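>
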Amino acid sequence: MRQTIQQHRVVVLGAGYTGATAAGRLARRLRGEDVSITLVNAEADFVERVRMHQLAVGQPLRPRPFDEMFAGTGVELRLGRVTGVDVDRRTVTVTGADGASDLEYDTLVYALGSAWNTQGVPGTTEHAHEIAGRDGALRLRDRLAALAPGSPVTVVGGGLTGVEAATELAETRPDLDVSLIARAGLGDWLSPKGARHLQKVFSNLRITTHEHTTVTAVHADRVTTTEGDIPAAVTIWTTGFAVHPIARATTLETGDTGQIVVDATMRSVSHPDVYAIGDAALVAGPGDKPLRMSCASGVPTAWQAADAIAARLTDSKLPTISARYFNQCISLGRKEGLIQYVTADDRAVNAALTGRLAALYKELVCKGAAWGVANPTIGLPVRRRRVTAERARVGVPAA
Numbered sequence: 003m004r005q006t007i008q009q010h011r012v013v014v015l016g017a018g019y020t021g022a023t024a025a026g027r028l029a030r031r032l033r034g035e036d037v038s039i040t041l042v043n044a045e046a047d048f049v050e051r052v053r054m055h056q057l058a059v060g061q062p063l064r065p066r067p068f069d070e071m072f073a074g075t076g077v078e079l080r081l082g083r084v085t086g087v088d089v090d091r092r093t094v095t096v097t098g099a100d101g102a103s104d105l106e107y108d109t110l111v112y113a114l115g116s117a118w119n120t121q122g123v124p125g126t127t128e129h130a131h132e133i134a135g136r137d138g139a140l141r142l143r144d145r146l147a148a149l150a151p152g153s154p155v156t157v158v159g160g161g162l163t164g165v166e167a168a169t170e171l172a173e174t175r176p177d178l179d180v181s182l183i184a185r186a187g188l189g190d191w192l193s194p195k196g197a198r199h200l201q202k203v204f205s206n207l208r209i210t211t212h213e214h215t216t217v218t219a220v221h222a223d224r225v226t227t228t229e230g231d232i233p234a235a236v237t238i239w240t241t242g243f244a245v246h247p248i249a250r251a252t253t254l255e256t257g258d259t260g261q262i263v264v265d266a267t268m269r270s271v272s273h274p275d276v277y278a279i280g281d282a283a284l285v286a287g288p289g290d291k292p293l294r295m296s297c298a299s300g301v302p303t304a305w306q307a308a309d310a311i312a313a314r315l316t317d318s319k320l321p322t323i324s325a326r327y328f329n330q331c332i333s334l335g336r337k338e339g340l341i342q343y344v345t346a347d348d349r350a351v352n353a354a355l356t357g358r359l360a361a362l363y364k365e366l367v368c369k370g371a372a373w374g375v376a377n378p379t380i381g382l383p384v385r386r387r388r389v390t391a392e393r394a395r396v397g398v399p400a401a
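First residue of the sequence shown: 3, per our numbering; consecutive thereafter.
#1: Could you pull the start and end residues of the beta strand (DSSP E) that Pro154 belongs to?
#2: Between Lys195 and Val203, what straight-line distance do the alpha-carbon atoms span, to the nearest angstrom?
#3: Where does Ala102 fall in DSSP's three states?
#4: Can you give me the start and stop residues for the beta strand (DSSP E) that Val389 sits inside?
#5: If you run the structure through DSSP and keep just helix, strand and coil, what is Asn352?
#6: Please state the DSSP three-state secondary structure of Asp47.
#7: By Cβ distance below 6 Å, which residues in the same chain neighbour Ala17 in space, the five residues on each side in sequence not counted?
#8: From the DSSP output, which residues share a beta bridge with Glu78?
#9: Give me the residue from Ala312, Ser324, Glu255 with the minimum Cα distance to Pro288.
#10: So, under 8 Å CB-CB, Thr423 and Trp239 are touching, yes? Tell me the CB distance rounded to an integer number of Å.
#11: How would you label Phe243, buried or exposed, when you count the other beta carbons within 10 angstroms and need 16 or more for buried?
#12: Out of Arg11, Gln8, Glu45, Arg33, point me to the one whose CA is closest to Arg385's CA.
#13: Candidates Gln9, Val52, Arg92: which alpha carbon is nearest Leu105's?
#14: List the whole-angstrom C-beta distance separating Ala222 from Arg143, where the pair is believed to meet the contact cut-off of C-beta under 8 Å.
#15: What would DSSP say about Asn206, mapped onto helix, strand or coil?
#16: Determine, using beta-carbon pairs with one atom in the stretch 67 to 77 and one in the stretch 97 to 115, whether at least three such pairs fall under 8 Å.
#17: How far does the alpha helix (DSSP H) with Tyr363 in it reach, from first residue to last?
#18: Consult DSSP for Tyr107 and reduce its assignment to one of helix, strand or coil.
#19: I'd like to check one pair, Ala278 with Val301: are the Cβ atoms closer than 7 Å?
#20: Between Ser116 and Ala354, which are expected to be in contact by the criterion C-beta below 8 Å, what is the C-beta distance as a whole number of angstroms?
#21: Looking only at C-alpha atoms, which of Leu315, His212, Val77, Gln56 sits nearest to Leu334?
#22: Given that a residue counts as buried once 16 or more other Cβ atoms are within 10 Å of its Cβ, and exposed if not, what is Glu50?
#23: Within 10 angstroms of the Cβ of Ser205, are there 16 or more other Cβ atoms? Answer buried if so, exposed if not.
#24: With burial defined as no fewer than 16 other Cβ atoms inside 10 Å of the residue's Cβ, what is the status of Phe48: buried or exposed?
#25: Excluding the 5 residues flanking Ala346 on each side, which residues of the same chain have their C-beta closer than 7 Å to its C-beta?
#26: When DSSP labels each residue in this structure, what does Val396 get in the three-state scheme?
#27: Judging by CA-CA distance, which residue of Ala249, Ala251, Arg30 is the nearest neighbour of Gly381?
#28: Where does Gln61 land, buried or exposed, given buried means 16+ other C-beta within 10 angstroms?
#29: Rounded to a whole number of angstroms, what is the C-alpha to C-alpha distance between Ile39 and Val84?
#30: Pick out whichever of Val351, Val236, Gln342, Leu315 has its Cα sitting closest to the Cα of Thr109.
#31: Quick check for students: name the residue ranges of the beta strand (DSSP E) that lie wholly in the stretch 111 to 168, counting only runs of 3 or more.
#32: Could you give the residue range of the alpha helix (DSSP H) that holds Ala1?
#33: Is the CB-CB distance between Leu178 and Val155 below 7 Å?
#34: Can you look up Leu15 in the DSSP assignment and give me helix, strand or coil?
#35: Can the beta-carbon of Ala24 be found less than 7 Å from the beta-carbon of Val111?
#36: Using a 10 Å radius around the Cβ and a threshold of 16 neighbouring Cβ atoms, would you call Pro399 buried or exposed?
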């Protein structure tokens with residue numbers, strides 16, 4: 003009698019920037035005969051989340067099918083929505099066109115990401131639009147296309163997503179009356195140069211700004227704020243992101259935000275066979291500040307998790323990838339941009355790139371992010387390593 007060595011089963015949940023990157027990077031680090039990599043996602047192609055404001059205003063985006071992206075890598079795409087995770091039984095429930103089924107794993111990479119955060123404001127779910135995902139952006143696109151000239155459109159949220167949405171819309175549809183509501187001052191997180199440029203672009207695009215204003219309710223034709231009612235034939239809600247609720251429903255250790263608590267290798271501190279990356283992970287960055295939810299934060303965590311999993315399965319030296327910030331890249335329509343340089347812990351410094359050159363820079367960053375998903379080792383040659391017998395899954399005795 004002898005034991006058979008079976009493939010180590012890696013399941014990756016979510017195929018956004020982080021999940022797709024982690025799956026592809028693992029496939030290039032390990033031999034296919036030793037490991038199976040299953041990527042679970044609700045859609046058959048990659049969504050460039052950083053371009054959802056462009057999609058919402060009617061700009062066509064290039065399709066990026068996963069079957070082309072992962073051709074020849076050994077990554078298997080499982081279409082369906084994750085509706086349950088049991089980290090004690092090591093199973094994931096996936097609901098697809100044929101119903102629900104359980105998927106077993108030896109190592110789980112949790113990359114379900116985040117969605118819009120309504121902040122509990124009454125009427126938001128019923129009346130506001132979101133651009134955190136493709137479905138929401140497409141619904142908003144259809145609604146905006148039906149608006150008559152002069153219709154008021156209100157963007158709620160003065161952060162990066164709100165600023166990009168407001169400027170993209172105002173540039174594409176100058177016939178609309180676009181306004182933005184910010185709880186603080188417009189661009190108050192930027193350097194003086196960056197803030198001045200942002201205000202100049204808003205003025206040139208004739209975007210009305212309501213600063214130091216809080217929305218208390220959303221209605222079909224207006225928003226109620228601490229400063230009174232503001233007309234809104236369409237309300238676009240961009241007040242931050244909330245993580246997928248499934249993690250909090252498991253026995254995984256999570257933080258107050260519902261993010262999974264991980265160590266420096268992106269491994270769960272409570273379940274060593276689970277890794278969390280991107281928006282789903284509570285990661286300590288420079289100065290022990292949690293990394294903000296963003297593509298810039300998420301991709302390094304995907305690299306770290308994939309390399310750590312590969313190292314542990316092959317008994318190699320554990321790598322460390324330090325996540326730090328360099329700049330914030332903001333599109334202000336197709337003709338204007340703002341690159342705000344920052345410290346390692348994401349604080350603005352007195353340096354910024356503006357204008358058309360900044361717009362080009364941002365466009366290159368967006369293209370580079372999508373290229374990086376298809377090329378998760380950044381084009382560098384890699385050697386696929388064997389999984390050691392001690393790390394592989396041992397099957398039933400065979401004669």
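Beta carbons: idealized from backbone N, C-alpha and C, even for Gly. All of these numbers come straight from a predicted model, not from anything done at the bench.
Taking the coordinates as given:
#1: 154 to 158
#2: 13 Å
#3: strand
#4: Run containing Val389: none; DSSP gives neither H nor E here.
#5: strand
#6: strand
#7: Leu41, Asn43
#8: Thr40
#9: Ser324
#10: With the chain running from 3 to 401 in the structure shown, residue 423 is simply not present.
#11: buried
#12: Arg33
#13: Arg92
#14: Not quite, the Cβ-Cβ distance comes to about 19 Å (not below 8 Å), so this is no contact.
#15: helix
#16: no
#17: 358 to 376
#18: coil
#19: no
#20: Actually they do not touch by this definition, with Cβ atoms about 27 Å apart.
#21: Gln56
#22: buried
#23: exposed
#24: buried
#25: Pro288, Arg326, Tyr327
#26: Its pLDDT being 47, under 50, Val396 is placed unreliably by the model, and the measurement read from it follows with that caveat. Correct three-state label for Val396: strand.
#27: Arg30
#28: exposed
#29: 16 Å
#30: Leu315
#31: 116 to 118, 154 to 158
#32: No statement about residue 1 is possible, as the shown extent of the chain runs from 3 to 401 and does not include it.
#33: yes
#34: strand
#35: yes
#36: Unreliable positioning characterises Pro399 in this predicted model, as indicated by a pLDDT of 35, which lies under 50. The coordinate reading is nonetheless provided below. So Pro399 counts as exposed.
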